[in-house]
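Peer 1:
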Amino acid sequence: PLARIVDWGWVAGPDPTLHLKPAAATQLILERQGLKPSDIDLYEINEAFAGVAIASTRALGVSADVVNVNGGAIALGHPLGATGFRLLLTLALELRRRGARRGIACLCGGGGQGLAVLIENTNFH
Numbered sequence: 002p003l004a005r006i007v008d009w010g011w012v013a014g015p016d017p018t019l020h021l022k023p024a025a026a027t028q029l030i031l032e033r034q035g036l037k038p039s040d041i042d043l044y045e046i047n048e049a050f051a052g053v054a055i056a057s058t059r060a061l062g063v064s065a066d067v068v069n070v071n072g073g074a075i076a077l078g079h080p081l082g083a084t085g086f087r088l089l090l091t092l093a094l095e096l097r098r099r100g101a102r103r104g105i106a107c108l109c110g111g112g113g114q115g116l117a118v119l120i121e122n123t124n125f126h
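In our numbering, the protein residues as written are 2 to 126.
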């Protein structure tokens with residue numbers, strides 16, 4: 002396998018913090034796994050809007066250098082019904098290419114939802 006799913010997190014709430022929901026879902030995973038944002042090598046944060054990736058990156062306190070390193074949905078696409086797949090595949094391939102260990106793919110959804118998935122490169126040594 003290219004990568005393995007380690008954990009996932011989901012949050013929801015009808016409130017005005019849609020831009021921060023990917024970060025909130027990511028924090029659930031990090032807390033359960035006993036990790037810090039800096040323990041994650043790469044992030045894919047979906048750009049339904051550019052502000053989502055920017056706000057979630059800032060909320061997590063991670064460098065933009067490890068977020069959407071090949072471009073986000075604005076550059077690569079936001080395929081209807083396949084956004085999560087696109088995020089995970091892009092992340093898994095980049096982890097493999099860099100020889101990095103962990104990555105989180107996350108996205109927001111209408112109505113104030115957030116979903117995040119932590120994966121590990123199965124070839125990491």
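The beta-carbon is built from N, C-alpha and C at its ideal position, and this holds for glycine as well.
In angstroms with no decimal places, state the Cα-to-Cα distance between Pro-2 and Ala-101.
Peer 2: Taking the sequence shown and counting its residues from 1, the one referred to as residue 2 is at position 1. Taking the sequence shown and counting its residues from 1, the one referred to as residue 101 is at position 100. Spanning the two alpha carbons is a distance of roughly 15 Å.
Peer 1: Are Ala-117 and Ala-56 closer than 7 Å when you measure CB to CB?
Peer 2: Translated into the one-based positions of the sequence shown, residue 117 becomes position 116. Translated into the one-based positions of the sequence shown, residue 56 becomes position 55. Contact: no.
Peer 1: Report the CB separation of Cys-107 from Ile-41 in whole angstroms; it is logged as a contact under 8 Å.
Peer 2: Translated into the one-based positions of the sequence shown, residue 107 becomes position 106. Translated into the one-based positions of the sequence shown, residue 41 becomes position 40. Contact doesn't hold; Cβ gap of about 11 Å is too wide.
Peer 1: Buried or exposed, going by whether 16 or more other CB atoms sit within 10 Å of the CB of His-126?
Peer 2: What you label residue 126 is simply residue 125 of the sequence shown in a count that begins at 1. Its Cβ having fewer than 16 others within 10 Å, His-126 is exposed.
Peer 1: Taking the beta carbon of Arg-98 as the centre, do at least 16 other beta carbons fall within 10 Å, making it buried, or is it exposed?
Peer 2: Here the question's residue 98 lines up with position 97 in the sequence shown. Flag for Arg-98 reads exposed.
Peer 1: Could you tell me whether any non-hydrogen atom of the ligand COA is closer than 6 Å to the CB of Ala-83?
Peer 2: As presented, the structure is devoid of all ligands, the ligand COA included, so that no description of it is given.
Peer 1: Is the CB-CB distance between Arg-5 and Thr-91 below 7 Å?
Peer 2: Here the question's residue 5 lines up with position 4 in the sequence shown. Here the question's residue 91 lines up with position 90 in the sequence shown. No. Outside cutoff.
Peer 1: Once DSSP output is grouped into helix, strand and coil, what is the label at Asp-40?
Peer 2: Position 39 of the sequence shown, counted from the first residue, corresponds to residue 40. If DSSP states are grouped into helix, strand and coil, Asp-40 belongs with the helices.
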